[in-house]
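Under the numbering used here, think of the first position of the sequence shown as 2, with each following residue one higher. Ideal Cβ placement from N, Cα and C applies to all residues, glycine included. Since the model is a prediction, treat every value here as computed from it, not as a measurement.
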Amino acid sequence: MKQPPYNCQDCTEINPAIAQVGEVADAMLMYASALNKSIASGNPNPTGSQISDLAVGVFEGEPMHTTA
2 MKQPPYNCQD
12 CTEINPAIAQ
22 VGEVADAMLM
32 YASALNKSIA
42 SGNPNPTGSQ
52 ISDLAVGVFE
62 GEPMHTTA
């Protein structure tokens, strides 16, 4: 959490075993992908419904990283 894109220097008590950071990161990537599609089609300021429509499809997300 201390590294980009979060840059949270106060986040010292986050237990990675229970944190849902991976899900948040996937949601951000899915939103960014839909926003990029919207911008590419000439709509730089889409509504939430338009973003939702553009987010439909296959999204594989980022692989989970675990430490042994």
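Residues near residue i in its chain [Cβ-Cβ closer than 8 Å; skip 5 each side]
{"i": "residue 43", "result": "none"}
For residue j and residue i, the rounded distance between their alpha carbons
{"i": "residue 8", "j": "residue 54", "result": "30 Å"}
{"i": "residue 49", "j": "residue 36", "result": "10 Å"}
{"i": "residue 13", "j": "residue 3", "result": "9 Å"}
{"i": "residue 16", "j": "residue 23", "result": "13 Å"}
{"i": "residue 25", "j": "residue 6", "result": "11 Å"}
{"i": "residue 57", "j": "residue 41", "result": "16 Å"}
{"i": "residue 30", "j": "residue 61", "result": "10 Å"}
Member of the options whose CA lies at the smallest distance from the CA of residue i
{"i": "residue 46", "options": "5, 27, 10, 32", "result": "32"}
{"i": "residue 51", "options": "61, 39, 59, 58", "result": "39"}
Residue span of the alpha helix (DSSP H) that contains residue i, given as start and end
{"i": "residue 59", "result": "Taken as a continuous stretch (DSSP letters only), residue 59 belongs to no alpha helix (DSSP H), as it is neither H nor E."}
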